[in-house]
Amino acid sequence: MTEVRADPAGVSAGPAPAGVHAGASVPAEPAEPTAPSSLAVASSGLTKRFRGGQVAVDHIDLAVPRGSVYGFLGPNGSGKTTTIRMLLGLAFPTSGSAELLGVPMPAGAVRVLPRVGSLIEGPAFYPFLNGRDNLARCDAADRTADPRTAPARINQALERVGLLAAAKKRYRNYSLGMKQRLAIAAGLLVPRELIVLDEPTNGLDPQGTREVRGLIREIAASGITVFVSSHLLAEVEQVCSHVGVMRTGRLVFQGRLEELRRTGAARIRIETAEPAAAAAVLERLGLADPQVAGNEVSAQLADDQPERVCAELVKAGVGVRGLAVVSPSLEELFVGLTGEGFDVDG
Amino acid sequence: MAESSVPRASVAGAPMAGAPAAQAVPAGAGTAAGLGHDRPVRAWLRFFRSELRLVFGRRRNQALLAVVGAFPIVIGIGLRIAVHDRSGGGGGGGGGLAFVDQLAGNGVFLSFIALTLLLTLVMPLAVAVVAGDSIAGEAGYGTLRYLLAVPAGRMRILAVKYAVVVVFAIAVAFVVAAVALATGAALFPIGPVTLLSGTTVPLAEGMLRLVFVTLFVAAAMASLGAIGLAISTLTEHAIGAIAALAIIVVASQVADTVPQFAVIHPYLPTHWWNSFDSLLRAPIDTGVLLRGLLSFGVYLVIFSSFAWARFTTADVTS
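Here the protein sequences line up with chains A and B, keeping their order.
So the first sequence is numbered by my numbering: it starts at 3 and just counts up by one.
So the second sequence is numbered by my numbering: it starts at 7 and just counts up by one.
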C-alpha cells in the first residue's frame, strides 16, 4: 500500500484532492485513511464538456481504494468511457483533476501508465498481424519493458488468457471472445498495480462473460486493483467489492457494495382480509409510503421492528394472514439510481 | 477459471511451467517502471524497429513498392521499342520528354526518366498511402488508444511514425532509381554519361550523381510525408487522409503549370521536385538545389509542427 512512496521518480504525495469523498452520497471508505497513496484512482471535480456544449462527465469525485475491485456502473452514455479516457490520458478534462496510483494525470502518464493495464472500449489490434505479433507490438511501444524478457512475458500473458494455441492466428480471424482475451493479455504483459477494464464483457456470450469474470477474480486475487466498468450490474456484482454508479455524467453513488445494499429501505408487507384497517394501523405507527393492493398492504419499514408492527396489528384486531419483510434487490436499487431502460436521460 | 493462487503483483512474471525465462522477468511491481529509462535510445530504437516491421511487413505496402518498382521496367521496355522504331524509321525526337534523346546512348538515363515520370503521381501516391495511414490508420483500428495507454507517448508515436515515413520515402525513391538502372543497363548501352550541359563524365561519377538525384527526390517525398502526417492527425479515416494528400499533389502540380500563378510557383509543395536535373549539369546549379531543399525543409517544419500541436492536444476518441 505504501509502494508509491518508493517510486524512484519521487512522486510527491501531494495534498489529498479536495473533496475526494465529498461529492458522493456515501463516503467510499470510512475506515481507511484519506492519504492519496491509499487510492488507486482518485479524481476531484473531474469534468468533460464536449465542443457541442454537452457535459459528458460532471464534477465526479472518484475514490477507488487500492486492492479493491471497483465496479463503475451506469447505463450506456452515462459518461463511463469518457471518464476512463480522461483517467488514462486519452482525453483531456475540461476541469478538475485525476490521479492514478497517486500520480497526477495526464501529466504523469509516462511515469504511471506502465503500472496500469487497460482495456478501453473493446479490443483493438492490427487485423493483419497474429496474436503474438500484436502483443509484441504493444510491448515494443513500452519504453519500460525489457526486450530480453519480451518473448517469455508474451507467452505467459497468452497462456494466462488461454490463447497460446491461437497465438499464430491472425487477429482478423479471432472470435470476439478471443479478441477480448487478447486485449486482457496485453494488459498483463508487465506487472501491474491497477487494471482498468472498460466493458470487458460487451458482446460476449454468457460463457465468455463468465470467463472474463473468472479472469477478474484471478487478477484481483493477485493483489491488483481492478477498475471495471459495465452497464450491467449483474455482470460485475459477483466480483466487485466497491461500486460507483453514474447517471448522465454524475456519480450518484460510490461505496462498498454492502453500503449500496443498505441504502435500500426494506418494506413490510402484510397479507390481510382487512386491508383498510391494516393500512390505518401502519399509518398510525408512522410508517412511510403505505400502499394497499388488493389483500396486500405494504409500507416502508424504517427502524420499526416487524415484530412490533405485527403486535400492533393484532392489538388493533386486524387479522394477519401473512407478514414479510422485503429488501430491494441490488438490481432494483441500481435501476432506481440510474433510471429505467437505456439512455433514459438522452 | 476458478481462483488460482497467483503470487501478488507479479501476474506477468508469475513463474509458470514451461516458461524457462521466467526468472529473468522482474517480479516486483515497482521495477516495472524505470527499466527502460536508463536506456532511452534502445527503447526508441525498439519502437522504431517495430514500426518499420509494421509498415514494411504489411502486404499492402509491399505490393505498393512492387508496383512502383514495376513502372520503370514497363517504361524501359516501351522506350526501347520506341527508340528501336525510330532508328529504323528515322522518326522524330523524344516527344518532348526529358532525357529520352540521351537514353538511346546510355541506359543510365532511364533512371532519370523514370524518376521524372513517376514523380508526377505514382511515387507521391505511394508515400501518401503510408503517410496518410500513419496516425489515421492507428486511430481507425483503435490501436492508437492502446499505444497511448501503454504509454508510447504522443511525441514518441509521432516521431517514430514520421521516421518510418521518411524511410519509406527513401525506399520508394531508391526502388525506382535502382530498378530503372538495372532495366536501362539491360536494354541500352552503358558507358560514360554525357550530361545535359554537354560535358561527358565517367560512369562512376554518373552513378554518384544518380545517388544524389535519388536522395533529392527522397527529400522531396519526405517533405510530402510531413504534410501527410499532419493530415493524418486530423481524421480516423486513413483513406480520407490519403485522398487529401493526393489532391494536394495534383492541385499543386496543376497550379504550377498555370503561368498566371507564377508568383506562387516557388512556394508550391511540388515546384522543386524536378529540380534534380541541376545535378546533371556541369557545373551543378547548387542555388536551385538549395532553394529546393529549403522549400522541402520549410514544408517539413511547418507541417510536422502542425501535426505535433494537433496530436499532443487532441482527445483520442477512436
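Backbone N, C-alpha and C define an ideal beta-carbon position, used for all residues, glycine too.
Whole-number beta carbon distance between residue j and residue i, since they are thought to touch under 8 Å
i	j	result
Ala187(A)	Ala168(A)	About 11 Å; that fails the 8 Å criterion.
Gly266(A)	Pro330(A)	4 Å
Phe218(B)	Leu285(B)	5 Å
Thr227(A)	Ala65(A)	Contact doesn't hold; Cβ gap of about 12 Å is too wide.
Gln302(A)	Leu315(A)	Gln302(A) to Leu315(A), Cβ: 16 Å. No contact.
Leu235(A)	Leu206(A)	Leu235(A) to Leu206(A), Cβ: 16 Å. No contact.
Tyr168(B)	Ser229(B)	At roughly 11 Å, the Cβ-Cβ gap does not stay under 8 Å, so Tyr168(B) and Ser229(B) are not in contact.
Phe74(A)	Phe229(A)	6 Å
Straight-line gap, residue i to residue j (C-alpha atoms, nearest Å)
i	j	result
Phe282(B)	Gly303(B)	16 Å
Gln108(B)	Gly293(B)	25 Å
Asp291(A)	Arg316(B)	57 Å
Ile62(A)	Trp278(B)	55 Å
Arg219(A)	Val238(A)	10 Å
Ala158(B)	Ala225(B)	27 Å
Ile237(B)	Asp200(A)	30 Å
Gly234(B)	Gln259(B)	17 Å
Val166(B)	Gly84(B)	40 Å
Phe222(B)	Val133(B)	15 Å
Tyr173(A)	Gln68(B)	20 Å
Ala313(B)	Met180(A)	35 Å
Neighbour flag for residue i against chain A, beta carbons, 8 Å
i	result
Pro32(B)	A caution first: Pro32(B) carries a pLDDT of 38, below 50, which makes its placement in the model unreliable, though a value can still be read off. Yes, contact with chain A.
Gly95(B)	Confidence at Gly95(B) is low in this model, with a pLDDT of 49, below 50, so its placement is unreliable and the value that follows should be read with caution. Output row for Gly95(B): interface = no.
Val128(B)	no
Gly159(B)	yes
Pro46(B)	yes
Asp321(B)	yes
Val106(B)	no
Contact with chain B by residue i, beta-carbon distance below 8 Å
i	result
Leu89(A)	no
Ala301(A)	no
Phe74(A)	no
Phe229(A)	no
Asp291(A)	no
Cys312(A)	no
Ser120(A)	yes
Leu115(A)	yes
Leu184(A)	no
Arg68(A)	no
Tyr176(A)	no
Phe127(A)	yes
Pro277(A)	no
Arg286(A)	no
Leu92(A)	yes
Pro208(A)	no
Arg134(A)	no
Cys242(A)	no
Pro106(A)	no
Assigned secondary structure, residue i (DSSP; H/G/I helix, E/B strand, else coil)
i	result
Arg172(A)	strand
Arg2(A)	Past the boundaries of the shown model lies residue 2(A); chain A is included only from 3 to 348, so the question cannot be answered.
Tyr72(A)	strand
Phe388(A)	Because chain A in this structure spans residues 3 to 348, residue 388(A) falls outside the shown range and cannot be described.
Ser324(B)	coil
Val199(B)	strand
Ala275(A)	coil
Gly25(A)	Annotation note: pLDDT 38 at Gly25(A) (below 50); position unreliable, no value reported.
Leu262(A)	helix
Gln240(A)	coil
Gln266(B)	helix
Leu199(A)	strand
Pro106(A)	strand
Glu101(A)	strand
Ile290(B)	coil
Gln56(A)	coil
Arg286(A)	helix
His243(B)	coil
Ser120(A)	strand
Asn132(A)	strand
Test: residue i CB closer than 8 Å to a CB of chain C
i	result
Val112(A)	This model lacks chain C altogether, as its protein chains are A and B.
Would the region 212-221 of chain A and the region 40-49 of chain A be scored as touching if the rule is three or more Cβ pairs under 8 Å?
no
The region 104-116 of chain B / the region 81-101 of chain A touching (three or more Cβ pairs under 8 Å)
no
Within 8 Å, do at least three Cβ pairs link the region 181-189 of chain B to the region 63-79 of chain B?
yes
Per the contact definition of three or more C-beta pairs closer than 8 Å, is the region 171-190 of chain A in contact with the region 69-89 of chain A?
no
Cβ contact check for the region 121-139 of chain B and the region 202-213 of chain B: 3 or more pairs under 8 Å:
no
Validate contact between the region 151-166 of chain A and the region 112-123 of chain A using beta carbons, cut 8 Å, 3 pairs:
no
Any 3 or more C-beta pairs closer than 8 Å across the region 192-208 of chain B and the region 256-272 of chain B
no
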